[in-house]
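Okay, so the sequence shown: first residue is 7 according to the working numbering, each after it adds one.
Read the structure below first, then the notes.
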Amino acid sequence: MRDIIKEFDSIKSCVLLPHLCIDGDTLCACLALKELLKSKGIAVDIIAEDEIPHNLKFLDGDIREYSANENYPPYDLAVAVDCGSQDRLGEREKIFTSAKRSI
């Protein structure tokens with residue numbers, strides 16, 4: 007865990023990628039991590055491939071919907087949140103692998 011926290015000390019941008027079929031635990035983890043990173047002055051995007059379920063819409067966190075046509079910036083760090091493997095990222099795996107570093 008300390009190694010992961012050290013990663014945050016040397017970045018300026020980060021993308022958080024919740025797993026496919028987004029649910030409450032991955033969404034809340036992304037939102038909490040976003041707030042932590044923002045407090046450190048890091049630019050953070052959360053990019054979801056699925057629509058946020060109706061029962062979780064009250065959680066406001068400026069979550070971007072993935073678009074295959076969008077050119078995403080080269081993030082300093084990509085974090086796959088609540089994913090057991092990269093295939094749980096779906097099409098956003100391209101964003102994950104194009105970041106300078108990934109967790």
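In this text, a Cβ means the ideal position worked out from N, Cα and C, and glycines have one as well.
Contact check, residue i vs residue j, beta carbons under 9 Å
i, j, result
"V85", "C20", "yes"
"I69", "I53", "yes"
"I28", "D56", "yes"
"F14", "L95", "no"
Identified DSSP bridge partners for residue i
i, result
"S19", "A49"
"E71", "A54"
Nearest-angstrom Cα separation, counted from residue j out to residue i
i, j, result
"V50", "P80", "12 Å"
"D93", "E99", "7 Å"
"G30", "P59", "9 Å"
"L39", "I109", "13 Å"
"E41", "P24", "15 Å"
"I10", "A105", "15 Å"
"I8", "A74", "Checking the displayed sequence, the identity of residue 8 turns out to be Arg instead of Ile. So the alpha carbons of these two residues sit roughly 34 Å apart."
"R107", "K18", "12 Å"
"K46", "S16", "11 Å"
"G90", "L26", "11 Å"
"K12", "L43", "12 Å"
Whole-angstrom C-beta distance between residue j and residue i, which should lie under 8 Å
i, j, result
"E97", "Y72", "6 Å"
Three or more beta-carbon pairs under 8 Å between the segment 21 to 35 and the segment 59 to 69, yes or no? The answer is yes - the segment 59 to 69 touches the segment 21 to 35, with three or more Cβ pairs under 8 Å.
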